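Structure record follows, encoded as C-alpha cells.
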Amino acid sequence: MAGAAVMGPSIGAVDLSSPFILAPMAGVTDLAFRLLCKEAGAGLVSTEMISDLALLAGSRRSRALLLISPHEHPVSSQLCGSRPGEMARAARLLVEAGADIVDLNMGCPAPKIVGNREGAALMRHPQLACEIVRAVRESVPAAVPVTAKIRAGWDPGDPSAVPFAQALEQAGVSAVTVHGRYRDQFYRGQADWGVVREVKRAVRVPVIGNGDVRSGADAMRMIEETGCDAVMIGRAVLGNPAVFSDCIRAWRGGSDAGHELPAPDIVAVRHLRMSLALKGPDRGLVEMRKHAAWYVAGVPGAARLRDRLMRVQDPAAVEALLTCGLSPCAHTLKLPHDLPLC
Ligand SMILES: Cc1cc2nc3c(=O)[nH]c(=O)nc-3n(C[C@H](O)[C@H](O)[C@H](O)COP(=O)(O)O)c2cc1C
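Going by the numbering used here, 922 is the number at position 181 of the sequence shown; the sequence numbering is gapless.
Structure follows, in C-alpha cells:
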C-alpha cells in the first residue's frame, strides 16, 4: 500500500482515513487526547464510556464527556446501559452532540457495571442486547452507524462471541469490535486473536480487532492473522499517541511521507495546554498528571521526574519538567534541581 489515496474501511456510511482506531478508555480519551491521536493517524477516535442514565439525569460530568470538536471527526461515542428505551434516548443526545457513530458497550468487566446487566453482562443476555441495538438503531438517523464492542466471551469455557456477534448483526449493528479477552480476565493475560478471526469469518459487517496491539508491526500482524477490517488500540497509546503514526508507517509499507510527527516533548506540552484550556487550570492539571506520568515512562530518570510531576502545582513547572524530561537530548541532560516546586 502506498500513497495518500489509501483509505481505511467504512463503517456504515462513515469512511475512515485509516484502519487504526483509538479505543474508548474511561478517564483517558477526552477531547485533548483524542485530538492528538487523530493528528497522529487514528482513522477513528472514541470517547470515554458514557452512562445512559447519568446522561439522561443531566449529570454535569456526563455532559462534559459529550464535548466533540469539529477537528476530530469521525468520532465514535460510547454508551453503557441495559435499558433499551433509555439507551435509545441517550443515543439521540450523543448524535445531537456530534457523534458520527454510536458504540454500545458490551464488554466492560467491572463488577458494578455487570451487576446492573450492563457491559460484558449483556453477552449473557443476548436477547436484551439485541433489543438495545434495535431501539438505538431506530432512534438515531440512518446515516449514523450503531456498533458494539464485545469480549471473547464470559470465560474461556464460553464460546459465545460468534453467535453473539451474529445476533447483533441481525439486530442492526454496522460493525463489531472484539476485545479478545474474556470477561473474567479483566485486562490480564493475553488477548485471544483466534476469537477475532472466528467472528470475522462469521459476520458480514466490518470487524475491529482489539487486544495487545502495541506497534505498527503488531497491528499489521493482527490484520494478517485475523482478517479484521480495522485494529483498535488502547493501553499502548497511553503517553504515546505516536503509536498511530507507527501504524500508518507500517500500513504504508514503511513510508513516512506526509506523516512526520512532532517530538514527544512537543506532543506532551500541547496535551497539557489543551487540557488546561478545556478543563480549567485546576481540573486540567489534575487530569494531566496521569498522562504526564505515562509520557515520561521509560525516559532517563523517569521515577524522579514522575515524582516531581505529581507534586508541582504550577502548570508552568509541569511544562518545564515535560520539556526537559522528554527533549530528544534528555539523556545528555541532568534534570535541573532548581525547577519551581510549589
Ligand atoms: C484505563 C482504561 C479504561 C477503559 N475504558 C473503557 C471504556 O470506557 N469502554 C470500553 O469499551 N473499554 C474500555 N477499556 C478497554 C479498552 O477499550 C480495550 O478494549 C482494552 O484496553 C484492550 O485493548 P489494549 O490491549 O489495546 O489495551 C478501557 C481500558 C483501560 C486500560
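The beta carbon of each residue, even a glycine, is placed where N, CA and C say it ideally should be. Since we're looking at a predicted model, the values are computed, not measured.
message: So the candidates are SER817, VAL836, GLU1060, ALA781; which of them puts its Cα closest to the Cα of ASN846?
response: Position 105 of the sequence shown, counted from the start, is the residue given in the question as residue 846. Nearest option by C-alpha distance: SER817.
When DSSP builds the beta bridges, which residues end up paired with ASP841? On the sequence shown, position 100 is the one that residue 841 refers to. For ASP841, which the question treats as bridged, DSSP gives no partner whatsoever.
Any 3 or more C-beta pairs closer than 8 Å across the stretch 972-986 and the stretch 930-945: no
Check your understanding: If you scan the stretch 743-788 from start to end, which runs of the alpha helix (DSSP H) of 4 or more residues do you find wholly inside it?
Key -> Every alpha helix (DSSP H) stretch that sits fully inside the stretch 743-788 and reaches 4 residues is listed by chain position as 772-781.
> What's the gap between the Cα of GLY898 and the Cα of ARG922?
Replying inline: The residue you call residue 898 lines up with position 157 of the sequence shown. The residue you call residue 922 lines up with position 181 of the sequence shown. GLY898 and ARG922: Cα-Cα distance of roughly 12 Å.
**Item:** Complete beta strand (DSSP E) runs within the stretch 893-977 (minimum length 3 residues, chain order)
**Value:** Fully enclosed beta strand (DSSP E) runs of no fewer than 3 residues occupy 916-923, 948-951, 971-974 of the stretch 893-977, in order along the chain.
Subject >> Beta-carbon contacts of ARG804 that lie in its chain and below 6 Å, excluding the five residues immediately before and after >> reply: As a first step, residue 804 must be located in the sequence shown, where it is residue number 63. So the list is empty, once near-sequence residues are dropped.
Pair every Cβ in the stretch 906-918 with every Cβ in the stretch 868-880, then say whether three or more of these pairs are closer than 8 Å. yes
inquiry  = For LEU1082 and ILE1007, what's the separation of their Cα atoms in angstroms?
reply    = Locating residue 1082 in the sequence shown gives position 341, where the first residue counts as 1. Locating residue 1007 in the sequence shown gives position 266, where the first residue counts as 1. Only weak support exists for where LEU1082 lies, its pLDDT of 39 falling under 50; the value from the coordinates is given anyway. Looking at the two C-alpha atoms, the distance is approximately 22 Å.
Q: Take the Cβ of VAL1037 as the centre, count every other Cβ of all protein chains shown within 10 Å, and call the residue buried at 16 or more, exposed below.
A: In the sequence shown, the residue the question calls residue 1037 occupies position 296. Label assigned to VAL1037: buried.
Notebook entry, point to check: With C-beta atoms as the reference, is ALA831 less than 7 Å away from LEU796?
Noted result: Looking up residue 831 in the sequence shown gives position 90. Looking up residue 796 in the sequence shown gives position 55. LEU796 sits close to ALA831, with the two beta carbons spaced by under 7 Å.
Notebook entry, point to check: Cβ of LYS941 within 7 Å of Cβ of THR918?
Noted result: As a first step, residue 941 must be located in the sequence shown, where it is residue number 200. As a first step, residue 918 must be located in the sequence shown, where it is residue number 177. No.
Checklist entry - Can you tell me whether ASP933 is buried or exposed, with buried defined as 16 or more other CB within 10 angstroms of its CB? => result Counted from its first residue, the sequence shown places residue 933 at position 192. ASP933 is buried by the Cβ-count criterion.
For HIS1032 and GLY994, believed in contact at Cβ under 8 Å, the rounded distance | By 1-based counting over the sequence shown, the position of residue 994 is 253. By 1-based counting over the sequence shown, the position of residue 1032 is 291. Not a contact, Cβ separation roughly 32 Å.
- Query: Bridge partners of ILE791, per DSSP?
  - Reply: Reading the sequence shown from its first residue, position 50 is the one you call residue 791. Answer by DSSP bridge pairing, in chain order: LEU820.
Worksheet item: DSSP three-state call for ALA991: helix, strand or coil?
Response: The count along the sequence shown starts at 1 and reaches residue 991 at position 250. DSSP places ALA991 in helix when its eight states are reduced to three.
Looking at ASN846 and ligand 1, is the gap between the Cβ and the nearest heavy atom below 6 Å? Position 105 of the sequence shown, counted from the first residue, corresponds to residue 846. Checking every heavy atom of ligand 1 against the Cβ of ASN846, one is found closer than 6 Å.
- prompt: Does the Cβ-Cβ distance between GLN1091 and PRO886 come in under 7 Å?
  reply: There is simply no residue 1091 to check, as the chain begins at 742 and stops at 1083 in what is shown.
For the alpha helix (DSSP H) that GLU879 lies in, which residues bound it at each end? Mapped onto the sequence shown, residue 879 falls at position 138. Segment 867-880, the alpha helix (DSSP H) holding GLU879.
Q. For HIS1012 versus ALA783, is the C-beta spacing smaller than 7 Å?
A. Start at 1 with the first residue of the sequence shown, and residue 1012 comes out as number 271. Start at 1 with the first residue of the sequence shown, and residue 783 comes out as number 42. The answer is no: Cβ separation not under 7 Å.
Requested in this report: Assign HIS920 to buried or exposed, taking buried as 16 or more other Cβ atoms, counted over all protein chains shown, within 10 Å of its Cβ.
Outcome: Stepping through the sequence shown from its first residue, residue 920 is reached at position 179. Buried, since its Cβ has 16 or more Cβ neighbours within 10 Å.
In the DSSP output, what is LYS890 paired with across the bridge? As a position in the sequence shown, residue 890 is number 149, starting the count at 1. LYS890 is bridged to ASN846, THR918.
Notebook entry, point to check: Comparing the CB of PRO1005 with every heavy atom of ligand 1, is any distance shorter than 6 Å?
Noted result: Residue numbering aside, residue 1005 sits at position 264 when the sequence shown is read from its first letter. PRO1005 Cβ: outside cutoff for every heavy atom of ligand 1.
### Query
Relative to the C-alpha of ALA838, which residue among PRO850, PRO750, VAL881 is closest?
As a first step, residue 838 is located in the sequence shown; it is residue number 97 there, counting from the start. The shortest Cα separation from ALA838 among PRO850, PRO750, VAL881 belongs to VAL881.
Once DSSP output is grouped into helix, strand and coil, what is the label at LEU797?
The residue labelled residue 797 in the question sits at position 56 within the sequence shown. Of the three classes helix, strand and coil, the one that applies to LEU797 here is helix, per DSSP.
**Message:** Ignoring anything shorter than 4 residues, give me the alpha helix (DSSP H) runs that lie fully in the stretch 991-1069, in order along the chain.
**Reply:** 1005-1020, 1022-1037, 1043-1052, 1056-1067
Using the Cβ count rule (16 or more neighbours within 10 Å means buried), how would you classify VAL1169?
For residue 1169 there is no data in the structure shown, the boundaries of the chain being 742 and 1083.
On the three-state DSSP scale, how would you describe LEU807?
Start at 1 with the first residue of the sequence shown, and residue 807 comes out as number 66. Three-state result, LEU807: coil.
**OP:** In angstroms with no decimal places, state the Cα-to-Cα distance between LEU806 and THR788.
**Re:** Counting from 1 along the sequence shown, the entry for residue 806 is found at position 65. Counting from 1 along the sequence shown, the entry for residue 788 is found at position 47. Their backbone Cα atoms lie some 7 Å apart in a straight line.
query: Cβ-heavy atom distance between GLY930 and ligand 1 below 6 Å?
result: Position 189 of the sequence shown holds residue 930. For ligand 1, not one heavy atom lies less than 6 Å from the Cβ of GLY930.
So which of VAL984, LEU776, GLU939 has the shortest CA-CA distance to ASP959?
As a working mapping, residue 959 is identified with position 218 in the sequence shown. The option with the nearest alpha carbon to ASP959 is VAL984.
Check your understanding: Taking 6 Å as the cut-off, does the CB of GLY822 come closer than this to any heavy atom belonging to ligand 1?
Key -> Reading the sequence shown from its first residue, position 81 is the one you call residue 822. For ligand 1, not one heavy atom lies less than 6 Å from the Cβ of GLY822.
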